[in-house]
Amino acid sequence: MSTRVGIPRSLLYYHYYPQWQAFFSFLGISVVVSPPTNKQILEQGLANSLDEACLPVKVTFGHLARLAAQVDFIFLPRLVSVHPREYICPKFLGLPEMVRHSGLSLPPLLTPSINTYRRPDDLMAAYQQMGRALGRTEKQIRQAAQQARQVQQEYERLLLAGWLPEQAISFLQEGLSQKDRATDALPLPETGDPGRGIIAVIGHPYLVYDSYLNLQLLDKLSRRGWRVAVVEQVNSDRIQQETAHLPKKIFWTLGRLLIGAGYYFLDAAHITGLIHLSSFACGPDALIGELIASRARSRPGKPFMNIVIDEHSGEAGLLTRLEAFLDMVAVAGSRTGASA
Ligand code: SF4
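So the sequence shown is numbered by the working numbering: it starts at 13 and just counts up by one.
Written out as structure tokens, the structure reads:
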């Protein structure tokens, strides 16, 4: 049986899974992903993590527990920086230590450091470190890294075109021919009645795309006939334009993406309302959320709502707020003559 590497379906799985999966698969290593978050995974996460951690980190412990008996290694990179001259939240940096000291009984962890702050090619070094640990040759590692890079580019192109991460991952895994993939006429997934309008939902990917943690927010909007726009559909040039005039550079990568997309959506005529999803106990979001809320206050015609999620969030509370928000969207739409 080939070596099996486990990847938790949490945190930056939603940004990077296709390239990680492509790298391991090219090296003949089986990849096992934990199932979508459910009640049991959340409870295991809460039982094995620190009370002070944010919800996405807590639930990661549950995903790790779920993988423990199924794999030979668990892939848990130490993410320091994923973009030149920027950092990522320190929780990612310390995650391997948090996990090692949690008391969870796990197979060996693969924890390559990824720090592109000064070295954009640091990802290659991480792949080399990991490939060597798995007994692969330099040539095999180079080829696998090249394959991973191509798959990641394709994945990001799908996200930009309107696919949600799990849809794009399934699409890539279906093994469509390169010819089919090369077309620019990618079918857009149906996400709601185009006549009602588009609600933008911004937030860290591990909240926006984990439907158990966010109490199926995207589905709730879709079932009510709204289309949804997300951060990954805003291209990097637009993000750059929107954040260029901030008095100080935002040095957290995810925060910069949120502000750029949030500012863009607040001014975009095709967006009828904006929801910011954040986690209780998230340090970066305390600042980023306030910057977005402040801009939203200066755009009174564009309804805005901030939803803070923790492990105690309940369906009834979310529904009440969502219905009130959609009423505001309808009123704003009737004032501007937009359909709602
Ligand atoms: S950015 Fe916030 S939600 Fe994300 S890991 Fe850091 S503290 Fe948690």
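Yeah, the Cβ is synthetic: ideal placement off N, Cα and C, and Gly gets one too.
Can you list, in chain order, the residues of its chain whose CB lies under 6 Å from that of residue i, leaving out five sequence neighbours each side?
i, result
"ARG208", "GLY237, TRP238"
"ALA294", "Note on identity: in this sequence residue 294 is Cys, with Ala being the wrong assignment. Here the set comprises CYS66."
"PHE87", "VAL17, ILE19, LEU122"
"TYR129", "SER93"
"VAL243", "ILE214, LEU269, ALA273"
"PHE292", "VAL320, ASP322"
"THR15", "ILE41, ASP84"
"MET142", "LEU122, PRO124"
"ALA280", "none"
"SER46", "PRO20, ARG21, HIS75, ARG78, LEU79"
Between residue i and the ligand SF4, is there a pair consisting of the residue's CB and a ligand heavy atom that are separated by less than 7 Å?
i, result
"ASP63", "no"
"HIS216", "yes"
"GLY295", "yes"
"LEU266", "yes"
"SER291", "yes"
"PRO20", "no"
"PRO68", "yes"
"LYS103", "yes"
Leaving out five residues on either side along the sequence, give the residues of the same chain with a beta carbon under 7 Å from the beta carbon of residue i.
i, result
"THR195", "The predicted model places THR195 with a pLDDT of 47, which falls under 50 and marks its position as unreliable; any figure quoted below should be read in that light. Once the five neighbours on either side are set aside, THR195 has no close Cβ partner at all."
"ALA180", "TYR167, LEU170, LEU171"
"LYS191", "Because the pLDDT at LYS191 is just 45, under 50, the model does not fix this residue reliably, and the value given afterwards should be weighed accordingly. Hits under 7 Å: none found."
"THR12", "It is not possible to answer for residue 12, since the shown part of the chain is limited to 13 through 352."
"HIS282", "ILE210"
"ARG132", "The identity of residue 132 in the sequence shown is Pro, whereas the question assumes Arg. PRO96."
"MET317", "ILE287, ARG333, PHE337"
What's the C-alpha gap between residue i and residue j?
i, j, result
"PHE277", "GLY215", "13 Å"
"ILE287", "GLU327", "16 Å"
"LEU171", "ARG148", "32 Å"
"ILE321", "GLU150", "44 Å"
"VAL17", "ALA80", "10 Å"
"THR284", "ILE211", "6 Å"
"GLU335", "ARG97", "41 Å"
"SER189", "HIS113", "Its pLDDT being 46, under 50, SER189 is placed unreliably by the model, and nothing is read from it."
"GLY174", "LEU62", "36 Å"
"LEU24", "ALA344", "35 Å"
"LEU176", "HIS324", "26 Å"
"SER346", "LEU338", "12 Å"
"ALA59", "LEU289", "24 Å"
"TYR99", "GLU64", "21 Å"
"GLN162", "PRO259", "36 Å"
"ASN50", "SER223", "9 Å"
"PRO108", "GLY329", "34 Å"
"LEU301", "GLY57", "In the sequence as presented, Leu is not what sits at residue 301; that position holds Gly. Cα-Cα distance, rounded: 26 Å."
"VAL44", "SER182", "15 Å"
"GLN252", "LEU184", "28 Å"
"LEU146", "SER37", "13 Å"
"ASP228", "ASP249", "With the sequence shown as reference, residue 228 is identified as Gln, and Asp is not the correct amino acid for it. So the alpha carbons of these two residues sit roughly 30 Å apart."
"VAL111", "PHE104", "11 Å"
"LEU299", "VAL246", "21 Å"
"PRO48", "THR348", "40 Å"
Quick test of your reading: residue i and residue j, contact by CB under 8 Å. State the CB separation rounded to the nearest angstrom.
i, j, result
"VAL341", "PRO315", "5 Å"
"ALA160", "PHE35", "4 Å"
"PRO120", "PHE73", "Contact flag wrong, Cβ pair sits at about 17 Å."
"ILE126", "ARG90", "7 Å"
"HIS27", "PRO296", "The Cβ separation is near 16 Å, so there is no contact."
"VAL69", "LEU225", "With a Cβ gap of about 12 Å, VAL69 and LEU225 do not count as contacting."
"ILE319", "ILE271", "No, ILE319 and ILE271 are not in contact; Cβ-Cβ is about 17 Å, not under 8 Å."
"HIS75", "SER117", "About 15 Å; that fails the 8 Å criterion."
"TYR275", "ARG309", "Rounded, the Cβ-Cβ distance is 13 Å, inconsistent with contact."
"CYS101", "LEU266", "7 Å"
Under 8 Å Cβ to Cβ from residue i, same chain only, skipping five residues before and after it: list those, please.
i, result
"TYR139", "PHE35, PRO124, ILE153, ALA156, ALA157, ALA160"
"GLN164", "TYR28, PRO30, GLN31, ALA34"
"VAL240", "THR203, GLY204, ILE210, ILE211, ALA212, VAL213, LEU230, LEU233, SER234"
"SER351", "For SER351, the predicted structure reports a pLDDT of 47, less than 50, and the residue's modelled location is therefore unreliable. A value from the coordinates is still provided. Excluding positions up to five away in sequence, the list reads GLY207, ARG208, GLY209, GLY345."
Check whether the Cβ of residue i lies closer than 7 Å to any heavy atom of the ligand NAP, and answer yes or no.
i, result
"PHE35", "In the structure on display, the ligand NAP does not appear, and the ligands it does have are the ligand SF4."
Checklist entry - Whole alpha helix (DSSP H) runs in the segment 140-197 with 4 or more residues, listed along the chain? => result 150-172, 177-185, 190-194
Next on the checklist: Which runs of the beta strand (DSSP E) at least 3 residues long sit entirely within the segment 208-281? Give them in chain order.
Outcome noted: 210-215, 239-242
Next on the checklist: In chain order, what are the residue ranges of uninterrupted alpha helix (DSSP H) at least 4 long that sit wholly in the segment 30-73?
Outcome noted: 51-60
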